[in-house]
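To start, the structure itself, in structure tokens.
Residue numbers (the working numbering), protein chains in the order written: chain V, 56 to 401; chain L, 2 to 673.
In structure tokens form, the structure reads like this:
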């Protein structure tokens, strides 16, 4: 699909138009100093020049705590689902986070689609923002095929060029949106696309030595060749905070609780984490993964084994580096990947 | 949707976090990257802090006991009942028949207003926080030793330290934000030395682990001082105080210590060498030491170690007392203690008393009052604000019985805590994220806690409840909001001088004393060293050896660093978090008795099986966990389980008089 260009001077105008039709979610700096994806109230709020957001888009698609339905038992049982039906545009999303959503699509939209997720997802447009510099020194998307520029997974992908914002179209939805604003989004020149490919190549060379040999780890995990002591070491370093799973753009586990208030009640869904001791604990008290090392093994098998990559369409690590920042111990993906490869976690 | 920057309500680290709100509900939490403590990280508890709000188990309406049942009443009725009940006791038996407990879970403002209410309105000096048992106020070794009633350094100092000594702490369980820094320090090559009962995860990763058996802390640290002062001749030319300290450790040679404790002499010398070759030293201790039978001399020995300094030019030593709760520091700063006034003012300091009396426009109860455990059985009425007194003190059955025996008990809390379920009046309070205020972390960082959502039902801020009650008792308080109270605190408390509200609005707050107040804080290391010398001499003269016998071959020991949050009221009522913090109780009904594999083998005991544990005080069934973290000959229980077991001796600490769970000889037999 052909690419378009918006002059820098008119980007805000385009954002304002998006805001008229939908809730626009964009990176913005909140009081306290950090950047989160969240609804903006004016185009000026968008933090175009940000590193990475503290969190991926997960919270906006699957909240940490959400009421999914209400029920009552007055004269029969009544159940009403609470669906989120807002139209939303996700703007300025980092490529790793866009890729995370594609993994979510495979997980939540698979054999048994999750209606709550799908309701939000079908009403959202994903606009990626490319990274011309690695935003953080913990970034390793280059090891995971999830950035700094994308070739798929987005509805639109924006790249800031000297002449303006290059808008690449990645889906019918992205195209429809572009066509609706033909007066602003003018056709891009071949030079613009050439500049974009040059910038992408340059960006890849700017990443630090911090890397994660996912492919090597994938082979060992898949073939069950990982030394058992690696999981013991991983367990020594994990403090079971759950941070890596909560911040991971591809971790999707949740738990469900029912809450009665008299004859009525509500069902809530909360984030859960496979590293928690009670995650797999059964009602009998039996715990198939009572040892933290076994839970670490299960987590990384789901993240980067070939079996799971085949199921999700890709490995479930996008190299956003959030686990590196949030790990209390030193059991984040690059460290454990290194441990899997070499037999020792640093 | 909005993200409100605030502070984690759980341990004493003071991590920054954001509460996510939508349509007036707190729907999640995320860590703050820009905050200097959290740096993008949170622990399991912090990640679930929002679950304290919008929680069906919260107290939402005042409760009054009628015919033995707690029934919902209006605020007017509840305040009138509380005022009448407390007034009657004061009238019949005098104000000293009332005891008040403040809270390490509440804000500085709540605690400050409580102190004013207690000393001013009720006129009783019996004011404490049950968690003060984890601090050492009577000796105030740090107060006198460093010139601050708190840690001497800050958490960020760990990032520069090349020698870190961790005594009686398991930071992975107690202070995850500090553990994170220790893991990173290890990666950059800093030397980490742990000294604790259990060989926990950090101990396994440390350069040196000193395996301390119960009651040996002072001896081993004293011996380390011996190596430094006698063998290495450190600080030879220094003042007379150090000569006294040197004399007090003269007999604690590593060889004798090895014979006594089993800690190898060479290991102690290696630790001394690592210390001597370092540029920046950090010494950390926590509840594992503070609740030990020899806490006072051991903490004083550590203070002395901090008063020395390695020979390298510009070498620094910081001492961090790792407080277990979010605002334990602030609670003490505000004067929630029977022996000092807000800001650690002395009770006999007329000027300090006068200043408060003038500001509060009333006379103050200025004598020394009862401590939390001294109140039990001695007062007739109690007022408990967010304090887990039953869980904190070492003998749960005794505490519960004392509360049951009270003529009148008022509890204000966010959940129906064990104490609240015994109360005559229960007042629902606002929780984290439902109120404005400040808290002070273990490194003296004063930070803003911001209101993100409304309290549930009729719950109110703690300070507002107390102000209402004080008004009903004839002493109205002029406070309109938390900011006004804080400004009064900053104005009246010399240690908070210069802590301006504007400086708190910056995420991360500001540490006291500010430059302005530092000048008013004379710090004298020498007095601390003198104290330590005396304490070590006294400790050496005492026979603190606790021996197992043939009939009771194992020494049952309470470990406050093992599963320290299990059973705590806030985490156990959180919507999903409760599961992780009650699982040990469910997996190990009766208690999680941790045994060394060799002891288990000898006793015919297996992990996951029940055992009968007997001491001279009684017998109980518990479930065994076999772990090589546990030293041979010792059986370990988490502190709260030990306090509830009724099997352990509780005796008064010889230096401080406070009740201590003593290691108790037990027999353990399998249940057939």
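We treat Cβ as the ideally placed atom computed from N, Cα and C, and that holds for glycine.
Buried or exposed: where does residue 142(L) fall if 16 or more other Cβ atoms within 10 Å of its Cβ makes it buried?
Residue confidence is low: residue 142(L) scores 42 on pLDDT, short of 50, so the model does not pin down where it sits. Its coordinate-derived value is still stated next. The residue is buried, with at least 16 neighbouring Cβ atoms inside 10 Å.
Taking only beta-carbon positions, decide if residue 568(L) is within less than 7 angstroms of chain V.
no
Those residues which DSSP pairs with residue 30(L) across a bridge:
20(L)
In chain L, what lies closer than 7 angstroms to residue 398(V) by C-beta?
Simply none; closest approach about 17 angstroms.
Residue ranges of each beta strand (DSSP E) run of no fewer than 3 residues wholly in the region 117-200 of chain V, ordered along the chain?
120-127, 133-136, 143-149 and 179-184
If you draw a straight line from the C-alpha of residue 665(L) to the C-alpha of residue 646(L), how long is it?
12 angstroms
When the cut-off is 7 angstroms and only beta carbons count, does residue 324(V) lie next to chain L?
no
Spell out whether any CB of chain L is found under 7 angstroms from the CB atom of residue 57(V).
No, because no Cβ of chain L sits closer than 7 angstroms to the Cβ of residue 57(V).
What residues in its chain sit with their C-beta under 8 angstroms from that of residue 205(V), if we drop five residues either side in the sequence?
150, 153, 154, 183, 185, 212 and 225
Scan the region 13-40 of chain L for residues whose Cβ lies nearer than 9 angstroms to a Cβ of chain V and list them as they occur along the chain.
17, 19, 21, 23, 26, 27, 28, 29, 30, 31, 32, 33, 34, 35, 36 and 40
Could you check if residue 18(L) is buried or exposed, using at least 16 other CB atoms within 10 Å of its CB as the buried criterion?
buried
Buried or exposed: where does residue 120(V) fall if 16 or more other Cβ atoms within 10 Å of its Cβ makes it buried?
buried
As assigned by DSSP and simplified to three states, the class of residue 62(V):
coil
Compute the Euclidean distance between the alpha carbons of residue 112(L) and residue 373(L), then round it to the nearest angstrom.
15 angstroms
Whole angstroms is fine: what's the gap from residue 309(V)'s alpha carbon to residue 252(L)'s?
60 angstroms
Measure from the alpha carbon of residue 661(L) to the alpha carbon of each residue in 559(L), 504(L) and 370(L), then state which is nearest.
559(L)
Three-pair Cβ contact test at 8 angstroms for the region 69-84 of chain V versus the region 98-106 of chain V
yes
What does the alpha-carbon distance come out to for the pair residue 376(L) and residue 45(L)?
35 angstroms
I'd like to know if residue 363(V) contacts chain L, where contact means its C-beta is closer than 7 angstroms to some C-beta of that chain.
Contact of residue 363(V) with chain L is not assigned, every C-beta pair being separated by 7 angstroms or more.
Write down every uninterrupted run of the beta strand (DSSP E) in the region 306-352 of chain V whose length is 3 residues or greater and which is fully enclosed by it, in chain order.
309-316 and 319-326
Spatially closest choice to residue 192(V) from 335(V), 106(V) and 337(V), by CA coordinates
106(V)
Within the continuous alpha helix (DSSP H) that includes residue 486(L), where are the two ends?
483-493
Look at residue 407(L) and residue 400(L) and say whether their C-beta atoms are less than 7 angstroms apart.
no
Element boundaries [alpha helix (DSSP H), containing residue 184(L)]
177-188
Output yes if chain V places a C-beta closer than 7 angstroms to the C-beta of residue 2(L); else output no.
yes
Please check if any C-beta of chain L sits within less than 7 angstroms of the C-beta of residue 177(V).
Using a CB distance cut-off of 7 angstroms, residue 177(V) does not count as an interface residue toward chain L.
So residue 206(L) contacts chain V; which residues on that side make the cut at Cβ distance below 9 angstroms?
291 and 292
Cutoff 6 angstroms; reference residue 117(L); Cβ partners in own chain excluding five residues on either side
Excluding residues within five positions, the ones whose Cβ falls inside 6 angstroms are 361.
Distance cutoff 7 angstroms, beta carbons only. Does residue 220(L) sit that close to anything in chain V?
no
Cβ atoms of residue 104(L) and residue 387(L): under 7 angstroms apart, would you say?
For residue 387(L) and residue 104(L), yes; Cβs fall inside 7 angstroms.
In its own chain, which residues sit with a C-beta less than 6 angstroms from the C-beta of residue 282(L), not counting the 5 before and 5 after it?
164 and 318
How far does the alpha helix (DSSP H) with residue 136(L) in it reach, from first residue to last?
Per DSSP, residue 136(L) belongs to no alpha helix (DSSP H) and is neither H nor E.
N- and C-terminal bounds of the alpha helix (DSSP H) containing residue 502(L)
Residue 502(L): member of the alpha helix (DSSP H) spanning 502-505, first to last residue.
Rank 563(L), 565(L) and 582(L) by C-alpha distance to the C-alpha of residue 572(L) and give the top, closest one.
Out of 563(L), 565(L) and 582(L), 582(L) has the C-alpha closest to the C-alpha of residue 572(L).
From this set, 52(L), 57(L), 55(L) and 77(L), which residue's C-alpha is nearest residue 64(L)'s C-alpha?
77(L)
Assign residue 138(V) to one of two classes, buried (16 or more other C-beta atoms within 10 Å of its C-beta) or exposed (fewer than that).
exposed
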